[in-house]
Structures are given as C-alpha cells and as structure tokens.
Amino acid sequence: MASSPHPATLRRAILAMAESRGSTKTFCPSEVARQLDDDWRPLMAPVRASSRELAREGRLAVLQRGRALSPEEPWHGAIRLQLPADRDG
C-alpha cells in the first residue's frame, strides 16, 4: 500500500459496513481494513481514528466486551463497532 486512504474514504467504508450490519451486529475494524487493502495492517490505526470521530458524532457505537466505550477515553485492545440503535435503518 502506497499511502493510507483519505479519511473520508475510511469513514464511508466504516459507515457502509455498519449500515449493512444494522444495530444488532458488531464488526471488527480489521474487517474494514481488509476490505480496503490486502496490506490491511497499516490501516488499523487510521480506521480506529476514523471510528473515534464517527463515535464523537454519534454515528457509530464502539464496544469492548459488550460495554459501550466513550470516544474520549483511551481504547486498548480489541474493539467492536456497530451502528447505534437509533440509526438502524
């Protein structure tokens, strides 16, 4: 991979996956990264950063072990993403 996708591209990919899953199913940020590039590991930090911004906007829920995480707290370890219940469509 030559460079990271534009943040808007990452946001669109994250939201598209969230919307395809709905508010009852979670997904790993790596699923988004793998969809964008075969060399997906370098995309993990940018995908997590875009996820944090979407969570700040209320457009994405971030969970760890079933607990909702605040976009303002540090995230360590595995996280799961999902569409907030009020955005299911």
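Sequential numbering of the sequence shown, starting at -9, is according to the working numbering.
Cβ atoms here follow ideal geometry from the backbone N, Cα and C, with glycine treated the same way.
Note that this is a predicted model, so its numbers are computed, not measured.
- Annotation: residue 49 to residue 74 spans about 7 Å, alpha carbon to alpha carbon.
- Taking 8 Å as the cut-off, the Cβ atoms of residue 37 and residue 23 count as close.
- Counting C-beta pairs with one atom in each stretch, the region 8 to 23 and the region 65 to 74 have three or more that are closer than 8 Å, which means they touch.
- Residue -3 places its beta carbon 8 Å or farther from that of residue 26.
- Partner residues in the beta bridge of residue 72, as assigned by DSSP, are 51.
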